[in-house]
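Peer 1: Taken in sequence, the protein lines are chains Z and V.
Under the numbering used here, the first residue of the first sequence is numbered 5, with each subsequent residue one higher.
Under the numbering used here, the first residue of the second sequence is numbered 5, with each subsequent residue one higher.
Where a beta carbon is used, it is the ideal one built from N, C-alpha and C, also for glycine.
If you're wondering where the values come from, they're calculated on a predicted model, not measured in any experiment.
One structure coming up, written as structure tokens, with questions to follow.
2 protein chains.
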Amino acid sequence: MTDKNVLSDFRPNDHNHEACIAAALEIASAVCRERELRLTPLRRRVLELVWQQHMPVGAYDLLDALRGDGRRADPPTVYRALDFLVENGFVHRIESLNAYVGCGEPEHAHNGQFLICGNCSRVAEMEDPAISKLIREKANALGFRISQQTIEVTGLCGECRERAQT
Amino acid sequence: MTDKNVLSDFRPNDHNHEACIAAALEIASAVCRERELRLTPLRRRVLELVWQQHMPVGAYDLLDALRGDGRRADPPTVYRALDFLVENGFVHRIESLNAYVGCGEPEHAHNGQFLICGNCSRVAEMEDPAISKLIREKANALGFRISQQTIEVTGLCGECRERAQT
DNA sequence: TTAAATTATGTTATATTGTATTATTACTGT
DNA sequence: ACAGTAATAATACAATATAACATAATTTAA
Ligand SMILES: [Zn+2]
Ligand SMILES: [Zn+2]
Ligand SMILES: [Zn+2]
Ligand SMILES: [Zn+2]
Numbered sequence: 005m006t007d008k009n010v011l012s013d014f015r016p017n018d019h020n021h022e023a024c025i026a027a028a029l030e031i032a033s034a035v036c037r038e039r040e041l042r043l044t045p046l047r048r049r050v051l052e053l054v055w056q057q058h059m060p061v062g063a064y065d066l067l068d069a070l071r072g073d074g075r076r077a078d079p080p081t082v083y084r085a086l087d088f089l090v091e092n093g094f095v096h097r098i099e100s101l102n103a104y105v106g107c108g109e110p111e112h113a114h115n116g117q118f119l120i121c122g123n124c125s126r127v128a129e130m131e132d133p134a135i136s137k138l139i140r141e142k143a144n145a146l147g148f149r150i151s152q153q154t155i156e157v158t159g160l161c162g163e164c165r166e167r168a169q170t
Numbered sequence: 005m006t007d008k009n010v011l012s013d014f015r016p017n018d019h020n021h022e023a024c025i026a027a028a029l030e031i032a033s034a035v036c037r038e039r040e041l042r043l044t045p046l047r048r049r050v051l052e053l054v055w056q057q058h059m060p061v062g063a064y065d066l067l068d069a070l071r072g073d074g075r076r077a078d079p080p081t082v083y084r085a086l087d088f089l090v091e092n093g094f095v096h097r098i099e100s101l102n103a104y105v106g107c108g109e110p111e112h113a114h115n116g117q118f119l120i121c122g123n124c125s126r127v128a129e130m131e132d133p134a135i136s137k138l139i140r141e142k143a144n145a146l147g148f149r150i151s152q153q154t155i156e157v158t159g160l161c162g163e164c165r166e167r168a169q170t
């Protein structure tokens, strides 16, 4: 968080996560108002569910959670909501996990660079322009015009790494 | 191909593709002999099928092709063969497509950086150390130890881009 | 060179993830 | 009230992947 290229670092287990959720919903609400997007109750609820942890959630976990609310829900329900949320940058899809994670800075469009801990499953999001630029340059050199970059890195977060050394 | 950081560039449609397939099988055969891996007929056939085009192939397309051979085949058959081929670097998995593409240089371990044309579906593979290094450095700065990098870029290859400008 | 252990494959069933399609409901402006 | 639009419901299905157990082939070791 000190580094401006880090959109969200690995969060300690004891932070005030209620505040994370509240902030995410608040920002989404404001962004939607500004862009005249409709953050319907369903979309808002799915966003809230995605934000339950700082790790990727599968579509069917969300589906179960929706059903837990008492409402009836089927796959298209959650996928449509996710489409909206991904499309508008409130949520990122992690391709290597077929799962979804909340984005803390949907105000400006970007596609993040993700660090995924194979031990605790937490995810950090970077947005390092140097990385994007280098990849773009290399691709351009081959005549390739980039429309989207998918950068997902797996390994061990600092906390899990220290614990593993023992 | 002139650039040593490009493991396989976009191939023109008229190249001698039989040679590509033959070379891939030959290399795989040699590598397996050297590493005492077992390139069984099934694995060899799946590798050959993956190499039918320079674009990612889905597991179930391979399954259909195996059945086309007259043999009986079920999902575990092809997934197990793919596991072997991916594990040992003969094939790369494209996470963003849930599909598989042959690797032309399995001799040395690496995880490639892929350019995927959204129009013609052809794939090029780079292995640019500068990109890997930069990502590794940024991750290290966050205390993260990388075990694998997934870099998949979508866009338009040179040929398709020119054609689209019209 | 058998016997045991290991590795690979066959087989059946099921789990997980994602879409297509059509119908219905709720909201927006006239 | 009405038409036009956006969102959701509901059903059905497609695509991708794994679990679990049985059999066959291969390697290793007595
Ligand atoms: Zn939190
Ligand atoms: Zn961790
Ligand atoms: Zn070829
Ligand atoms: Zn192309």
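For ligand 3, any of its heavy atoms closer than 8 Å to the Cβ of alanine 23 of chain V?
Peer 2: Yes, the beta carbon of alanine 23 of chain V sits closer than 8 Å to at least one heavy atom of ligand 3.
Peer 1: Could you list the residues in the region 110-133 of chain V with a C-beta less than 8 Å from some C-beta on chain Z, going in chain order?
Peer 2: Of all residues in the region 110-133 of chain V, Gln117, Leu119, Cys121, Gly122, Ala128, Met130 and Asp132 have a Cβ within less than 8 Å of some Cβ in chain Z.
Peer 1: Taking CB distances under 9 Å as the criterion, tell me whether glycine 162 of chain Z reaches chain V.
Peer 2: Yes, glycine 162 of chain Z lies at the interface with chain V (some Cβ there is under 9 Å from its Cβ).
Peer 1: Based on Cα-Cα distance, which residue from Z:Gln153, Z:Leu86 and Z:Gln56 lies nearest to glutamine 117 of chain Z?
Peer 2: With distances taken between Cα atoms, glutamine 117 of chain Z lies closest to Z:Gln153.
Peer 1: Check whether the Cβ of phenylalanine 14 of chain V sits closer than 8 Å to any heavy atom of ligand 4, and report yes or no.
Peer 2: Yes; taking the cut-off as 8 Å, the Cβ of phenylalanine 14 of chain V has a heavy atom of ligand 4 nearer than that.
Peer 1: Considering only DSSP beta bridges, list what methionine 3 of chain V is partnered with.
Peer 2: In the structure displayed, chain V extends from 5 to 170; residue 3 of chain V sits before or after that span and is not available.
Peer 1: Would lysine 142 of chain Z be called buried (16 or more neighbouring beta carbons within 10 Å of its own) or exposed?
Peer 2: Buried: at least 16 other Cβ atoms inside 10 Å.
Peer 1: With H, G and I counted as helix, E and B as strand and the rest as coil, what does DSSP make of threonine 44 of chain V?
Peer 2: Coil, per DSSP.
Peer 1: Going by DSSP, what residue range makes up the alpha helix (DSSP H) through histidine 21 of chain V?
Peer 2: First-last of the alpha helix (DSSP H) with histidine 21 of chain V: 21-39.
Peer 1: With leucine 66 of chain V and valine 50 of chain V assumed to form a contact (beta carbons below 8 Å), what rounded beta-carbon distance in angstroms separates them?
Peer 2: Rounded, the Cβ-Cβ distance is 6 Å, consistent with contact.
Peer 1: Buried or exposed: where does aspartate 13 of chain Z fall if 16 or more other Cβ atoms within 10 Å of its Cβ makes it buried?
Peer 2: Per the 10 Å Cβ criterion, buried.
Peer 1: Taking the beta carbon of histidine 112 of chain V as the centre, do at least 16 other beta carbons fall within 10 Å, making it buried, or is it exposed?
Peer 2: With fewer than 16 other Cβ atoms within 10 Å, it is exposed.
Peer 1: Below 8 Å on the Cβ atoms is my guess for isoleucine 171 of chain Z versus valine 157 of chain Z; work out the distance and round it to an integer in Å.
Peer 2: The requested residue 171 of chain Z is not part of the displayed model; chain Z covers only 5 to 170.
Peer 1: If I measure Cβ to Cβ from leucine 4 of chain Z and keep anything under 6 Å in the same chain, skipping five residues before and after, which residues do I get?
Peer 2: It is not possible to answer for residue 4 of chain Z, since the shown part of chain Z is limited to 5 through 170.
Peer 1: Could you tell me which residues DSSP puts in a beta bridge with threonine 158 of chain Z?
Peer 2: BP columns for threonine 158 of chain Z point to Z:Ile120 and V:Gln152.
Peer 1: Which residue wins for smallest C-alpha separation from leucine 29 of chain Z, given the options Z:His19, Z:Asp18 and Z:Leu43?
Peer 2: Of the listed residues, the one whose Cα sits closest to leucine 29 of chain Z is Z:Leu43.
Peer 1: State the DSSP-derived secondary structure class of aspartate 18 of chain V, mapped to helix, strand or coil.
Peer 2: Here aspartate 18 of chain V sits in coil by DSSP.
Peer 1: Answer with buried or exposed for tyrosine 64 of chain Z, where buried requires no fewer than 16 other C-beta atoms within 10 angstroms of its C-beta.
Peer 2: The residue is exposed, with fewer than 16 neighbouring Cβ atoms inside 10 Å.
Peer 1: Would you say leucine 138 of chain Z reaches chain V, if we count a Cβ-Cβ gap shorter than 9 Å as a contact?
Peer 2: Interface residue, yes.
Peer 1: Give the single residue among Z:Cys164, Z:Glu131, Z:Arg140 and Z:Gln169 whose Cα lies nearest to the Cα of leucine 11 of chain Z.
Peer 2: The residue with the shortest Cα to Cα distance from leucine 11 of chain Z is Z:Glu131.
Peer 1: Interface residues of chain Z around arginine 149 of chain V at Cβ under 7 Å?
Peer 2: Simply Gly159, Leu160 and Arg165.
Peer 1: Ligand 4 and leucine 160 of chain V: does any heavy atom of the ligand fall closer than 8 Å to the residue's C-beta?
Peer 2: True, at least one ligand heavy atom lies under 8 Å from that Cβ.
Peer 1: Name the two residues that bound the continuous beta strand (DSSP E) containing glycine 72 of chain Z.
Peer 2: It is not in any beta strand (DSSP E) - glycine 72 of chain Z instead sits in the alpha helix (DSSP H) that spans 63-72.
Peer 1: Beta-carbon within less than 6 Å of glutamate 163 of chain V's beta-carbon, same chain only, minus the 5 sequence neighbours each way: which residues are those?
Peer 2: The answer is none, since no qualifying residue turns up.
Peer 1: If you measure from the beta carbon of leucine 11 of chain Z to each beta carbon in chain V, is any gap under 9 Å?
Peer 2: False, the Cβ-Cβ gap to chain V never drops below 9 Å.
Peer 1: By Cβ distance below 8 Å, which residues in the same chain neighbour alanine 168 of chain Z in space, the five residues on each side in sequence not counted?
Peer 2: Closer than 8 Å at the Cβ level, and outside the excluded window around alanine 168 of chain Z, lie Asn123 and Leu160.
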